[in-house]
């Protein structure tokens with residue numbers, strides 16, 4: 001007998017397969033047309049099933065944000081993994097161990113001391129390390145400026161074949177999340193492209209090989225006009241999208257592929273709210289949507305179970321650890337208590353799918369009839 | 001050879017055994033002096049090792065906030081478990097399954113329909129359910145008013161021995177988190193006590209047995225002056241405390257028992273920050289401390305590894321998914337980059353230990369010499 005969304009314990013993480021496939025296909029096609037390899041970032045999905053779908057038609061390489069993810073994907077047969085967080089030397093033994101089982105783990109640094117220590121650590125561990133130089137394309141989190149002397153110094157330190165190989169340059173235009181709409185994000189995408197292509201040119205002019213030129217953020221990947229000189233992109237959130245991406249005009253509400261299945265556990269008409277069993281842990285406390293064009297969705301937008309369509313402007317107004325407080329997005333409206341009886345199941349679209357998903361150990365994959373087709377495990381932690 | 005904090009992968013959740021024991025002992029003593037049973041809430045700790053320590057000298061019963069926790073503790077031999085979130089009927093089969101293996105799972109409701117459905121469900125499942133009535137003592141999340149007619153109606157619906165047993169009344173003074181300092185919190189503690197004792201008196205006057213009178217929040221448990229008429233308290237956060245409790249005057253900085261071990265992964269002097277490998281997932285995005293008396297700690301207060309003492313006003317100013325941005329609590333000061341070289345390990349005191357801990361699958365338990373004494377697993381999810 002078919003298992004449906006009414007049959008599983010709440011709260012649970014639901015993944016709509018049709019929406020997912022549409023999102024994956026759109027990004028894959030876009031990158032093919034641009035002549036650029038898609039190296040999906042698995043920090044959002046953290047699932048081998050999703051990695052297999054997302055890499056179809058491209059090189060098969062992926063990006064990750066933790067060594068635990070790298071180990072998990074390596075254990076599941078993915079052999080080309082970029083760990084896109086600055087490396088420190090005391091993590092290299094873990095990297096070497098992974099590489100001894102067959103995977104290649106590409107590393108990242110923006111630090112001259114780390115770059116200089118690479119060769120010695122490679123010798124100590126009888127390992128070889130391929131390393132990207134991180135470029136700051138305007139986000140100003142980390143990375144060296146493309147016109148800096150430091151870029152060339154790090155390039156020199158990393159150009160020590162065969163122990164240490166300079167793989168290329170890499171950037172993340174995280175400042176694209178601060179903007180809204182096609183035009184602004186296209187400007188950032190061009191900054192992202194120009195910075196990293198310029199850095200590659202300067203390294204090559206010094207005689208350093210710099211094969212890979214890697215960019216990546218979901219907003220810039222969705223809107224970039226041109227990717228000349230870029231060899232790969234690393235978006236991740238695009239698989240699922242979320243209310244934050246929606247508020248920035250990067251996707252539509254119906255493009256959000258993940259939701260949290262929950263149930264109404266109490267009504268409190270006197271104080272105007274109802275409670276569900278999805279709270280701070282089940283939704284996360286990310287409120288990164290507050291500046292969007294939609295009325296603020298609080299901690300998530302409440303939808304029906306069958307079609308994941310919004311229930312009359314109902315949102316999660318507040319959260320305790322295991323309880324969400326349902327209220328109206330608009331202050332002067334009253335919650336439709338008649339439609340929210342204790343025991344009713346709902347689906348909540350998340351503000352930030354990367355953080356919400358991290359609370360769960362699996363996806364319940366559903367089709368249009370909310371039948372559960374599969375359970376896909378996730379890897380969390382470090 | 002001793003394993004120390006320099007030897008384990010980052011980010012990691014560190015639990016200081018000495019501080020923990022002091023916190024546990026203080027609360028246990030306090031409740032013994034008040035003549036009240038301590039039923040520790042394990043929603044924060046989610047660990048059988050902690051449950052065993054925290055119940056010492058009391059009844060051995062615990063409180064939990066998810067059925068997964070209940071199943072985990074039941075599997076580990078704890079037989080008296082209160083599930084302190086309003087129950088819905090389609091969760092009762094899971095409760096019945098647990099009870100068939102020997103545990104007693106005490107339930108909670110504030111809903112007349114749920115109370116009425118209990119008897120039928122108990123028959124269907126060949127089960128017996130003990131249920132508390134939730135009382136609103138001023139938090140206004142859920143619960144019935146102690147003077148309401150609904151209280152008596154729910155009492156009547158739940159008084160159906162042997163299938164359904166009215167266990168008593170229960171409240172959570174969550175509004176104590178909105179206050180600061182002994183005096184205000186003592187007022188809330190008295191509201192909490194008075195509401196639930198009054199509700200019990202009204203039920204008893206109608207001839208319903210109402211043996212348990214249960215209160216619980218860490219602030220009120222720490223500061224309550226009197227607990228006449230109360231039979232048990234259910235604090236949870238007091239085991240670890242956190243910056244939020246500190247900001248409210250409920251604990252001192254040196255009473256915080258958990259911290260996140262992290263490492264500096266990049267420096268960005270041009271933009272005034274350094275990065276660590278503990279970000280939104282490793283720390284949580286809870287910012288519930290912003291109104292406290294200390295300068296806002298952002299997403300956490302940065303401490304040294306050896307003694308967990310603050311590093312010169314350094315805080316986590318901002319977070320990406322896997323990266324924390326270190327900056328100064330005071331806007332006009334410059335980050336001491338010399339003390340924060342790439343590769344330096346740090347410990348971060350969390351804003352909200354319940355949410356931060358939930359990202360981890362284990363505690364690294366340390367002593368004063370930061371030697372790792374044990375790894376205690378945690379249960380997460382639902």
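Residue numbers (this note's numbering), protein chains in the order written: chain A, 1 to 382; chain B, 1 to 382. The C-beta atom is built at its ideal place from N, Cα and C for all residues, glycine as well.
Nearest candidate by alpha-carbon position, reference residue i, set the options
i, options, result
"residue 280 of chain A", "A:352, A:124, A:142", "A:352"
"residue 381 of chain B", "B:366, B:205, B:161, B:354", "B:354"
"residue 62 of chain A", "A:44, A:234, A:118", "A:234"
"residue 165 of chain B", "B:264, B:108, B:49", "B:108"
"residue 98 of chain A", "A:80, A:111, A:84, A:85", "A:80"
"residue 21 of chain A", "A:238, A:299, A:259", "A:238"
"residue 339 of chain B", "B:94, B:242, B:304, B:332", "B:304"
"residue 227 of chain B", "B:264, B:245, B:188, B:250", "B:188"
"residue 346 of chain A", "A:1, A:2, A:7", "A:7"
"residue 178 of chain B", "B:302, B:219, B:161", "B:219"
"residue 159 of chain B", "B:174, B:130, B:171", "B:130"
"residue 377 of chain A", "A:370, A:365, A:371", "A:365"
"residue 149 of chain A", "A:110, A:123, A:374, A:302", "A:110"
"residue 263 of chain A", "A:276, A:184, A:190, A:328", "A:276"
"residue 244 of chain B", "B:297, B:89, B:72, B:3", "B:297"
"residue 104 of chain A", "A:78, A:255, A:343, A:307", "A:78"
"residue 331 of chain A", "A:315, A:319, A:337", "A:315"
"residue 24 of chain A", "A:58, A:270, A:2", "A:58"
"residue 123 of chain B", "B:161, B:251, B:1, B:101", "B:161"
"residue 40 of chain A", "A:1, A:50, A:344", "A:50"
"residue 249 of chain B", "B:265, B:271, B:269, B:222", "B:222"
"residue 253 of chain B", "B:261, B:207, B:271, B:307", "B:307"
"residue 88 of chain B", "A:375, A:373, A:344, A:372", "A:344"
Sub-8 Å separation of residue i and residue j beta-carbons
i, j, result
"residue 192 of chain B", "residue 169 of chain B", "no"
"residue 278 of chain A", "residue 11 of chain A", "yes"
"residue 363 of chain A", "residue 5 of chain A", "no"
"residue 257 of chain A", "residue 240 of chain A", "yes"
"residue 28 of chain A", "residue 321 of chain B", "no"
"residue 96 of chain A", "residue 54 of chain A", "no"
"residue 36 of chain A", "residue 231 of chain A", "yes"
"residue 359 of chain A", "residue 282 of chain A", "yes"
"residue 146 of chain B", "residue 70 of chain B", "no"
"residue 285 of chain A", "residue 259 of chain B", "no"
"residue 379 of chain A", "residue 68 of chain A", "yes"
"residue 176 of chain B", "residue 217 of chain B", "yes"
"residue 181 of chain B", "residue 139 of chain B", "no"
"residue 213 of chain A", "residue 236 of chain A", "no"
"residue 121 of chain A", "residue 167 of chain A", "no"
"residue 302 of chain B", "residue 326 of chain B", "yes"
"residue 323 of chain B", "residue 144 of chain A", "no"
"residue 82 of chain B", "residue 52 of chain B", "no"
"residue 335 of chain B", "residue 273 of chain B", "yes"
"residue 367 of chain A", "residue 18 of chain A", "yes"
"residue 119 of chain B", "residue 56 of chain B", "no"
"residue 319 of chain A", "residue 267 of chain A", "no"
"residue 38 of chain B", "residue 73 of chain B", "no"
"residue 2 of chain B", "residue 371 of chain B", "yes"
C-beta neighbour in chain D for residue i, strict 8 Å
i, result
"residue 377 of chain B", "Of the protein chains in this structure, namely A and B, none is chain D."
Subject >> Continuous beta strand (DSSP E) assignments of at least 3 residues falling wholly in the segment 267-323 of chain B >> reply: 273-276, 301-303, 310-319
Original post:
For the segment 139-170 of chain A, which residues have a beta carbon sitting closer than 9 Å to at least one beta carbon of chain B?
Top reply: 140, 141, 142, 143, 145
**OP:** Decide if the segment 129-148 of chain A is in contact with the segment 188-203 of chain A; the criterion is three or more beta carbon pairs, one per stretch, under 8 Å apart.
**Re:** As far as the Cβ criterion goes, the segment 129-148 of chain A touches the segment 188-203 of chain A, which means the pair count is three or higher.
**OP:** Report yes or no: do the segment 298-314 of chain B and the segment 46-53 of chain B share at least 3 C-beta pairs separated by less than 8 Å?
**Re:** By the C-beta criterion, the segment 298-314 of chain B is judged not to be in contact with the segment 46-53 of chain B, since fewer than 3 inter-stretch pairs fall below 8 Å.
Original post:
Just checking, does the segment 110-127 of chain A make contact with the segment 144-156 of chain A on the three C-beta pairs under 8 Å criterion?
Top reply: In short, these stretches touch, since the Cβ pair count reaches three.
**OP:** Report the residue ranges of all beta strand (DSSP E) runs contained in full by the segment 57-82 of chain A; include only those spanning at least 3 residues, in chain order.
**Re:** 62-64
Original post:
Just by C-beta distance, which residues in the segment 346-365 of chain A are closer than 8 Å to chain B?
Top reply: 354, 355, 358, 359, 360, 361
**OP:** Any chance you could list the beta strand (DSSP E) runs of at least 3 consecutive residues sitting entirely within the segment 319-362 of chain B, in chain order?
**Re:** 324-328, 345-349
Original post:
Can you list the beta strand (DSSP E) stretches of 3 or more residues lying completely in the segment 190-226 of chain A, in chain order?
Top reply: 212-215
Subject >> Contact list for the segment 36-70 of chain B against chain A, Cβ threshold 8 Å >> reply: 43, 65, 66, 67
**OP:** Return the residues of the segment 73-100 of chain A that lie within a Cβ-Cβ distance of less than 8 Å from chain B, sorted by chain order.
**Re:** 85, 86, 87, 88, 89, 90, 91, 94
Original post:
Which of the residues in the segment 198-216 of chain B, read from start to end, lie with their CB under 8 Å from any CB of chain A?
Top reply: none
Original post:
Which of the residues in the segment 264-278 of chain A, read from start to end, lie with their CB under 7 Å from any CB of chain B?
Top reply: 265, 266, 268, 271, 275, 277
Original post:
Using Cβ-Cβ distances below 7 Å, what residues of the segment 103-122 of chain B are close to chain A?
Top reply: 110, 111, 113, 114
Subject >> Under 8 Å (Cβ pairs) to chain B, residues found in the segment 290-323 of chain A >> reply: The residues in question are 320, 321, 322, 323.
**OP:** Name, going along the chain, the residues of the segment 239-255 of chain A whose beta-carbon falls closer than 8 Å to a beta-carbon of chain B.
**Re:** none
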